[in-house]
Amino acid sequence: MASDKVQSVSDADFDSVIASDIPCLIDFWAPWCGPCKAIGPVVEALADEYEGRATIYKMNVDENPATPGKFGIRAIPTLILFKSGEKVDQITGAVGKAQLVDLIEKAI
Amino acid sequence: MATTHYALIIVGGGPAGLTAGLYAARARMDHLLIEKGAEGGQVLLTDWIDNYPGFPEGISGFELAEKMTAQAKRFELNSMFGNVISMDLSAPVKILKLDNGESLSCDSLIICTGARPRALGVPGEKEFVGKGVSYCATCDAPFYRNLHVAVVGGGNTAVQEAAHLTKFADKVTLIHRRDELRATKIVQEKAFANTKIDFIWNSTVTAVEGKDGVEQLRILNTNGKESTLKVEGIFVLIGVLPNNEMLPLTDLNGDEEGFIPTDCETRTNIPGVMAAGDIRSKEVRQVVNAAGEGATAVLATENYLTNLS
Numbered sequence: 146m147a148s149d150k151v152q153s154v155s156d157a158d159f160d161s162v163i164a165s166d167i168p169c170l171i172d173f174w175a176p177w178c179g180p181c182k183a184i185g186p187v188v189e190a191l192a193d194e195y196e197g198r199a200t201i202y203k204m205n206v207d208e209n210p211a212t213p214g215k216f217g218i219r220a221i222p223t224l225i226l227f228k229s230g231e232k233v234d235q236i237t238g239a240v241g242k243a244q245l246v247d248l249i250e251k252a253i
Numbered sequence: 011m012a013t014t015h016y017a018l019i020i021v022g023g024g025p026a027g028l029t030a031g032l033y034a035a036r037a038r039m040d041h042l043l044i045e046k047g048a049e050g051g052q053v054l055l056t057d058w059i060d061n062y063p064g065f066p067e068g069i070s071g072f073e074l075a076e077k078m079t080a081q082a083k084r085f086e087l088n089s090m091f092g093n094v095i096s097m098d099l100s101a102p103v104k105i106l107k108l109d110n111g112e113s114l115s116c117d118s119l120i121i122c123t124g125a126r127p128r129a130l131g132v133p134g135e136k137e138f139v140g141k142g143v144s145y146c147a148t149c150d151a152p153f154y155r156n157l158h159v160a161v162v163g164g165g166n167t168a169v170q171e172a173a174h175l176t177k178f179a180d181k182v183t184l185i186h187r188r189d190e191l192r193a194t195k196i197v198q199e200k201a202f203a204n205t206k207i208d209f210i211w212n213s214t215v216t217a218v219e220g221k222d223g224v225e226q227l228r229i230l231n232t233n234g235k236e237s238t239l240k241v242e243g244i245f246v247l248i249g250v251l252p253n254n255e256m257l258p259l260t261d262l263n264g265d266e267e268g269f270i271p272t273d274c275e276t277r278t279n280i281p282g283v284m285a286a287g288d289i290r291s292k293e294v295r296q297v298v299n300a301a302g303e304g305a306t307a308v309l310a311t312e313n314y315l316t317n318l319s
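Take a look at the structure:
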């Protein structure tokens, strides 16, 4: 698994990360969340497949409370897709790969 | 070329699958365990487990899953991440198709695909998933600090997680369709003694309403009275549905709800195919049962393979 392709993002660098015109998917997670762990391998596989076409980041909601608050996140895992600083769509729950592919394709 | 045929394939890595994996690895069987997410399955959704023997202080679901995985791996469990989308069990050599287009085959199969939380199926529920509707208190409780939330259900999961939610929420209202709880007595006692939990009996939720997030629930009492309850969140913990989308249910003689019947040795009606854990057609779904069934399934499989050769 090429987990190094999924980088961490913090409240501080969030705005600059989502400003990219390459679609960017943020995986909001926490260490105490089982389902977050469950989708980990899927997210990593997608980072590999979409290399160059979309970037995937993880945000730890324990360490970064501001961004999840701003987007009204009440459940994790939540994955939000951004393009050029704008939110495109989001998914909550440990969904399957196909649903995440559908999500990313909305911005490509 | 990568191996594509195994004497035994185990599908699913919850407590049943991991125990089956442990037994298969220790028996030095030619085996593979396929898990689609993370090892642990629904245990990962459980805050705290006080009824799995060997842990006198209790253990978090997360840690139990990690320990089970580590134990199986100590004996060289052969596992992979993959998503099985269909199975052909009509011949002695069973074929599994994965979502990446690959196929695997095996002489014997243990189905441990488990179950997932059941939804209410009421208006507004889907729309507000992640915005106030949750099926995992362990995951989402910290987002409800000092708020008022509802829990729907009356079984162990609902009552135990209601208590967990009080660590964060100001108030937890448990809504149950009967006039008494189904949860184990000690779990009930704790909930009744918890001043942050109140109860709405003989009632069901008929709608989830709000604007950007959940704001209120519509509630119907069995006496026909309707009411509303203002809450910021609703945790739906009303039992499980089988993870059976990849199974040939007709061939396996699936029950009315889609679970798989077996004999007491976990054998299904197809020779060489066992089912263990929550996917089995049964009354009691506990971690300790699932683990026991996983062990039974491997021993039944060894018998089957011995007679095959």
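Read top to bottom, the protein sequences are chains E and A.
Just so we're aligned: the first sequence equals residues 146 to 253 in the working numbering.
Just so we're aligned: the second sequence equals residues 11 to 319 in the working numbering.
Glycine included, each C-beta is placed from N, C-alpha and C at the ideal position.
Quantities reported herein were computed from a predicted structural model and do not represent experimental measurements.
For residue i versus residue j, is the C-beta distance shorter than 7 angstroms?
i                 : j                 : result
Glu303 of chain A : Gly287 of chain A : yes
Thr278 of chain A : Leu262 of chain A : yes
Val250 of chain A : Tyr62 of chain A  : no
Ser118 of chain A : Ile105 of chain A : no
Ala48 of chain A  : Ile120 of chain A : no
Leu134 of chain A : Glu236 of chain A : Just to set this straight, residue 134 of chain A is Gly in the shown sequence, not Leu. Taking 7 angstroms as the Cβ cut-off, Gly134 of chain A and Glu236 of chain A do not qualify as a contacting pair.
Phe91 of chain A  : Pro222 of chain E : no
Ile59 of chain A  : Gly71 of chain A  : yes
Glu242 of chain A : Leu108 of chain A : no
Leu247 of chain A : Ala168 of chain A : yes
Gly142 of chain A : Gly223 of chain A : yes
Report the neighbours of residue i on chain E: residues whose CB is nearer than 7 angstroms to its CB, in chain order.
i                 : result
Cys146 of chain A : Pro180
Cys116 of chain A : Neighbours of Cys116 of chain A on chain E: none; closest Cβ ~22 angstroms, over 7 angstroms.
Leu54 of chain A  : Gly179, Pro180, Lys182 and Ala183
When burial is assigned at 16 or more other CB atoms within 10 Å of the CB, is residue i buried or exposed?
i                 : result
Cys122 of chain A : buried
Lys221 of chain A : exposed
Cys169 of chain E : buried
Cys146 of chain A : buried
Ser319 of chain A : exposed
Cys116 of chain A : buried
Val246 of chain E : exposed
Thr272 of chain A : buried
Pro252 of chain A : buried
Gly124 of chain A : buried
Lys240 of chain A : exposed
Phe202 of chain A : exposed
Pro180 of chain E : buried
Asp172 of chain E : buried
Val294 of chain A : exposed
Asn317 of chain A : exposed
Asn254 of chain A : buried
Ser229 of chain E : exposed
Ala173 of chain A : buried
Val21 of chain A  : buried
If I follow the unbroken beta strand (DSSP E) through residue i, where does it start and stop?
i                 : result
Arg126 of chain A : Ala125 to Pro127
Gln226 of chain A : Val224 to Asn231
Ile236 of chain E : Glu231 to Thr237
Asn205 of chain E : Thr200 to Asn205
Val246 of chain A : Gly243 to Val246
Thr212 of chain E : Run containing Thr212 of chain E: none in the beta strand (DSSP E); it sits in the alpha helix (DSSP H), Ala211 to Lys215.
Cys169 of chain E : Cys169 to Trp174
Glu219 of chain A : Ser213 to Gly220
Ala285 of chain A : Val283 to Ala285
Leu42 of chain A  : His41 to Glu45
Gln244 of chain E : Careful: Gln244 of chain E lies outside any beta strand (DSSP E), inside the alpha helix (DSSP H) at Lys242 to Glu250.
Ala17 of chain A  : His15 to Val21
Ser165 of chain E : Here Ser165 of chain E belongs to no beta strand (DSSP E), and DSSP marks it neither H nor E.
Gln52 of chain A  : Run containing Gln52 of chain A: none; DSSP gives neither H nor E here.
Name the chain A residues that come within less than 8 angstroms of residue i, Cβ to Cβ?
i                 : result
Thr223 of chain E : Gly140
Lys242 of chain E : Asn93 and Asp109
Pro210 of chain E : By Cβ distance, chain A contributes nothing, its closest Cβ being about 10 angstroms from Pro210 of chain E, past 8 angstroms.
Pro186 of chain E : Gly47, Ala48 and Phe91
Going by DSSP, what residue range makes up the alpha helix (DSSP H) through residue i?
i                 : result
Ala300 of chain A : Val297 to Leu318
Thr29 of chain A  : Pro25 to Arg36
Val133 of chain E : Residue 133 of chain E is absent from the model: chain E starts at 146 and stops at 253.
Asp208 of chain A : That residue, Asp208 of chain A, is in no alpha helix (DSSP H); its beta strand (DSSP E) goes Ile207 to Ile210.
Ala173 of chain A : Asn166 to Leu175
Val162 of chain A : From DSSP, Val162 of chain A is part of no alpha helix (DSSP H) but of the beta strand (DSSP E) over His158 to Val162.
Val250 of chain A : Looking at the DSSP string, Val250 of chain A is not in any alpha helix (DSSP H); the run it does join, the beta strand (DSSP E), is Val250 to Pro252.
Val197 of chain A : Lys195 to Ala203
Thr148 of chain A : Ala147 to Asp150
Just the chain A side, please: which residues come within less than 7 angstroms of residue i by C-beta, in chain order?
i                 : result
Thr237 of chain E : Val139 and Gly140
Arg219 of chain E : Gly140, Lys141, Gly142, Asp150, Phe153, Gly223 and Gly243
Mind listing the chain A neighbours of residue i? Cutoff is C-beta to C-beta under 9 angstroms, in chain order.
i                 : result
Ile249 of chain E : The premise fails here: Ile249 of chain E is roughly 16 angstroms from chain A at the closest Cβ pair, so nothing lies under 9 angstroms.
Taking C-beta pairs closer than 9 angstroms, name the residues in chain E that residue i reaches, listed in chain order.
i                : result
Phe72 of chain A : Pro176, Trp177, Cys178, Gly179 and Lys182
Which full runs of the beta strand (DSSP E) of 3+ residues lie inside the stretch 63–133 of chain A, going along the chain? 89–91, 94–98, 104–108, 113–121 and 125–127
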